[in-house]
Structure formats: C-alpha cells, structure tokens
Amino acid sequence: ILNVEQSPQSLHVQEGDSTNFTCSFPSSNFYALHWYRWETAKSPEALFVMTLNGDEKKKGRISATLNTKEGYSYLYIKGSQPEDSATYLCAFNQAGTALIFGKGTTLSVSS
Amino acid sequence: SQTIHQWPATLVQPVGSPLSLECTVEGTSNPNLYWYRQAAGRGLQLLFYSVGIGQISSEVPQNLSASRPQDRQFILSSKKLLLSDSGFYLCAGKGSDNEKLFFGSGTQLSVL
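In order, the protein sequences belong to chains A and B.
For the first sequence, the positions run 20 to 130 when the numbering used here is used.
For the second sequence, the positions run -14 to 97 when the numbering used here is used.
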C-alpha cells in the first residue's frame, strides 16, 4: 500500500515568520507530486504539480522543491501572513494511478 | 474554467438508509473523476475513480459504490449506510490538458 507522510501534523507561527513542511513518498515509479492548500469552508486549491527530480516551483511567497530519488518534497512559506492559515496537502501518484494524499499539515498564523 | 458542482453540502442519514451523492463537471470533457473521503482525524482517502463513462475503479472495499452514467456526472451510492460511512466526501476531477485536480465543495455526511 502506497503511503504519503506529511510533517509536522500542525504548526503555529507568528506573522512574518518563514516556515516549511515536509512530504515523504515512495521513490519508485514516480510520476508526479502535488501540493494543495485547503482553507476552512473552501475546496482544496492546487498550488503546484511537480514531475522532475530537482524541480523547484514558486507562487508568490510559497515555493516547493522535489527530490524524487530520495522521495521527499518541501513546501516553504516566506513571511507568513494570517491568510496563509490553511491545511497544506501533499499528494503523489505513480504512472497510471490516482493521486494518494497525505494527512496534511495544518498551519495557523497569528497576527 | 473547470468547475465541479457537488450536492448536498450537508446530509444527516440514519444507519441502514440509502445514499446518493452526485457531482457534475463543467468546463472540460472526458475528465478523470474521483471520490475522496476524509474521516475525522484522517487524510483524504481515495474511494473511487473513473476514466470514462461506465468505467469505475474501486480503491477500498466497502459498502459504497460509484457510477458514471454520463461523461460529466459521477455518483456515489450506498444501499445501506453504516456509522463508519460518516465523513466529508469530496468529488474531484482532472481535465485532459491539466494535471491539477479541481474539487467540488464537498458533502459532510453524518450517519446516526
């Protein structure tokens, strides 16, 4: 059974702090790694889709890196703002299979 | 843009009653469609996915079933609900030209 692990489970930071989360996944038969942001009372929203080892993606203050050989991805948030408060989901799939999600990291940013 | 309409938003059902949750897709044709469930304290668990009309793959054996009678319609059903079926159900899709998933607004199901 394929498993995606995310850490930490939850995180509380002050406004302006930078933070990062980890996603671990099986390194064999890798196809793609996704990051989603899920705000309370909303639908999950795609942040990044990464497919190549060494990929780095950036969207505003949020960026992500990918290491397919060792099976991990990092999500970074620079200068956290209260509106960044959400659960961040990582998902992985092998070729021809559906996405498998981790349990997420819940971020709370205090002003 | 790609949109998923999912209803109802909340549902309270007695144990043993039937279930039918429906989602419809706009803005793309021949999408891959998915049903996920988030139980309390757990991550998103893939229940079913479909790559086309009448094509359903089940990831977890249980008393739920799925059907895809039309290209843009995906239905989750049960003949008799169990307490353990309670959770938050999300319908998701993936268009042919975009590998990102887009989600419906979800259904919070409480089985009492």
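We put the CB at the ideal spot given by N, CA and C, even for glycine.
Whole-angstrom C-beta distance between residue j and residue i, which should lie under 8 Å
| i | j | result |
| --- | --- | --- |
| residue 63 of chain B | residue 95 of chain B | Between residue 95 of chain B and residue 63 of chain B the Cβ distance is about 14 Å, and since that is not below 8 Å, they are no contact. |
| residue 44 of chain B | residue 32 of chain B | 6 Å |
| residue 129 of chain A | residue 35 of chain A | Between residue 35 of chain A and residue 129 of chain A the Cβ distance is about 10 Å, and since that is not below 8 Å, they are no contact. |
| residue 9 of chain B | residue 57 of chain B | 6 Å |
| residue 27 of chain B | residue 122 of chain A | 6 Å |
| residue 24 of chain A | residue 47 of chain A | 16 Å between Cβ atoms; not a contact. |
8 Å Cβ cutoff, residue i in contact with chain B
| i | result |
| --- | --- |
| residue 63 of chain A | yes |
| residue 44 of chain A | no |
| residue 52 of chain A | no |
| residue 79 of chain A | no |
| residue 49 of chain A | no |
| residue 120 of chain A | yes |
| residue 117 of chain A | yes |
Host beta strand (DSSP E) of residue i (start-end)
| i | result |
| --- | --- |
| residue 30 of chain B | 29 to 37 |
| residue 112 of chain A | 105 to 113 |
| residue 86 of chain A | 81 to 86 |
| residue 128 of chain A | 124 to 129 |
| residue 72 of chain B | 72 to 79 |
| residue 89 of chain A | It is not in any beta strand (DSSP E) - residue 89 of chain A carries neither H nor E in the DSSP assignment. |
| residue 65 of chain A | 64 to 69 |
Buried versus exposed call for residue i [16 or more other C-beta atoms within 10 Å across all chains shown]
| i | result |
| --- | --- |
| residue 16 of chain B | buried |
| residue 63 of chain A | buried |
| residue 25 of chain B | exposed |
| residue 53 of chain A | buried |
| residue 28 of chain A | exposed |
| residue -3 of chain B | exposed |
| residue 79 of chain B | buried |
| residue 89 of chain B | buried |
| residue 82 of chain B | With a pLDDT of 47 at residue 82 of chain B, under the threshold of 50, the predicted position of this residue should be treated as unreliable, and no value is reported. |
| residue 83 of chain A | buried |
Beta carbon proximity, residue i to chain A, threshold 8 Å
| i | result |
| --- | --- |
| residue 74 of chain B | no |
| residue 59 of chain B | no |
| residue 82 of chain B | No answer about residue 82 of chain B holds up, because its pLDDT of 47 lies below 50 and its placement is not dependable. |
inquiry  = By the 9 Å beta-carbon criterion, what residues does the stretch 88 to 112 of chain A contribute toward chain B?
reply    = 108, 110
task = Check distances from the C-beta atoms of the stretch 21 to 38 of chain B to those of chain A and list, in chain order, the residues that come in under 7 Å.
result = 27, 28, 29, 31, 34
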